[in-house]
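Notes to accompany the following structure.
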Amino acid sequence: MHSLFSMTCGDLENWLRLHMGKGAFHAKAIYREVLDLGNPDFGGLSAFEKSGDLALRIAGKLEIPEARIVETAGTEDSFKFVTALEDDLRIESVILTMDRHETLCVSTQVGCRMGCAFCETGTMGLIRQLKTEEIVLQVFSARHQLKRPVRNVVYMGMGEPLDNLDAVLKAAEVLADQRGFNIPLRRQTLSTVGLVPGMEKLGARRLKNLHLSVSLNAATNALRDVLMPVNRAFPLERLRKAIEDFPLPPGGAILLAYVLIPGVNDSREDAKALTAFASGLPVRINLIPYNPGREGKWPATEDEDIHRFGALLYEKGLFVRKRWSRGREVMAGCGQLGGRPESGA
Ligand code: SF4
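Under my numbering, the first residue of the sequence shown carries the number 1, and numbering increases by one thereafter.
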């Protein structure tokens, strides 16, 4: 059965033409009712008044995933929800309230095989890839079940998006459709640990408006090998080249995310190495506090650590964006999603 959440309105139109002998009129009506307005029951629409059992026949062949939120936890500015999938596996999503809008951080995999040393999800290993409709479902749930005005989407939840690139890019396309969610690519950010083949594949698609964020977290191979095992396969030299080669719109930049871990990657030497890595690259640095998970190995980053390290980079002329610690108390901070089942996730 085809899932409506894996289709753009154009895809739906083609599908209706092929399977029902109908076209754009019915496609737009269904798409608006379900994805834009959040009503999965489109049978009562005037578009179906004179069409006999057409709505029923469509509903019998077109799957509309059900939003099953099984757990929520939140503070005013960071709200986590857990979705139970068809096979009862769980994924987590986080709504972050920014100054004037809300951003949804979605998961792209159940678990993750990247094994980053500071991450709860990494302890799970990869359980399975999410399908496009399961990624889109998280936005549907946030907007229509939780009634949150989600404006931006970041692919930074559980999983490495470039390890599930086709499903993620299709989700980005569905979410961008103006007749449904209307979240254009310029309001979507894909985050990667620096999976070089995935960056090359993404670059070849030339989606110039989709933002890319690379989690760097260490600027020497010795330290990055330990924090992010992906570095052993794609060391900093290859990552740097992939960033250099990545097609960007004029004035565009890649975000370099750096999770600041006290006593691990926050020294003056680390700042020097980061400056050297970033030098000459079209990047902006995003400093993120480390959030100890359930079995956190290191202490949490304090806001003054971010200030101090940020100042070292600023001295060297780097553009730095800082994120303060938020969501930590509900295990909704960066690197805190998921975790091994026995640890209660
Ligand atoms: S930080 Fe991201 S890529 Fe690394 S293990 Fe966690 S979920 Fe995977």
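Ideal Cβ positions, reconstructed from N, Cα and C, are used throughout, including at glycine.
Tell me whether residue i, by its Cβ, gets closer than 7 Å to a heavy atom of ligand 1.
i, result
"C119", "yes"
"V214", "no"
"G198", "no"
"V34", "no"
"V264", "no"
"M98", "no"
"V193", "yes"
"M1", "no"
"G125", "no"
"G355", "This structure gives no information on residue 355, because the portion of the chain shown stretches from 1 to 345."
"C105", "no"
"E134", "no"
"E92", "no"
"G159", "yes"
"G21", "no"
"C9", "no"
"G317", "no"
"R122", "Per the sequence shown, residue 122 should be read as Gly rather than Arg. Correct: G122 has its Cβ closer than 7 Å to ligand 1."
"G115", "yes"
Kindly indicate which three-state DSSP category residue i falls into: helix, strand or coil?
i, result
"C352", "Missing from the structure shown is residue 352; the chain here goes from 1 to 345 and no further."
"R148", "coil"
"S289", "Looking at the sequence shown, residue 289 is not Ser but Pro. DSSP places P289 in strand when its eight states are reduced to three."
"L381", "It is not possible to answer for residue 381, since the shown part of the chain is limited to 1 through 345."
"T8", "coil"
"Q138", "helix"
"G60", "helix"
"E92", "strand"
"K22", "coil"
"V330", "In this predicted model, V330 has a pLDDT of only 48, less than 50, meaning its place in the structure is not dependable enough to derive any value."
"R205", "helix"
"S191", "strand"
"V283", "strand"
"T123", "helix"
To which residues of the same chain is residue i closer than 8 Å at the C-beta, ignoring the five residues directly before and after it?
i, result
"A347", "Residue 347 is absent from the model: the chain starts at 1 and stops at 345."
"P149", "H101, E102 and R143"
"L248", "K208, I254 and P282"
Starting from the C-beta of residue i, find all residues in its chain whose C-beta is less than 6 Å away, skip the five residues before and the five after it, and write them out in chain order.
i, result
"H101", "R151"
"L18", "none"
"F81", "I69, T72 and S93"
"P292", "A300"
"G159", "S107, T108, Q109 and C112"
"N286", "L255, A257 and R321"
"L227", "A117, N217 and A218"
Give every residue of the same chain whose Cβ lies closer than 7 Å to the Cβ of residue i, excluding the five residues on either side of it in the sequence, and list them in chain order.
i, result
"M7", "W15 and V174"
"L207", "L185"
"K170", "S6 and T132"
"G122", "C112, M114, G115 and C116"
"K275", "In the sequence as presented, Lys is not what sits at residue 275; that position holds Thr. Excluding sequence neighbours, T275 sits near L313, K316 and L318."
"V230", "M114, V193, G194 and L195"
"G23", "E13, L16 and R17"
"E244", "L281"
Nearest to residue i by CA position, among the options, is which residue?
i, options, result
"L165", "P40, E237 and K201", "K201"
"Q145", "V70, V226 and D11", "V70"
"D266", "L190, P250, E304 and P235", "E304"
"K316", "S279, I306 and P299", "S279"
"L89", "D41, I254, Q129 and F246", "Q129"
"D177", "K28, G159, G52 and Y314", "K28"
"V34", "P262, D99, S141 and G21", "S141"
"L37", "L85, L104, D53 and N182", "N182"
"T103", "V168, L190 and L227", "L190"
"F234", "L255, P197 and L256", "P197"
"L126", "L62, D163 and L236", "D163"
"A167", "L195, R179 and V136", "V136"
"G180", "Q138, H26, I30 and M20", "I30"
"L62", "D11, L4 and Q138", "L4"
Which term fits residue i, buried or exposed, when burial requires 16 or more other beta carbons within 10 angstroms of its beta carbon?
i, result
"Y258", "buried"
"M386", "Lying outside 1 to 345, the shown extent of the chain, residue 386 is not represented and no answer is given."
"N39", "exposed"
"S215", "buried"
"E76", "exposed"
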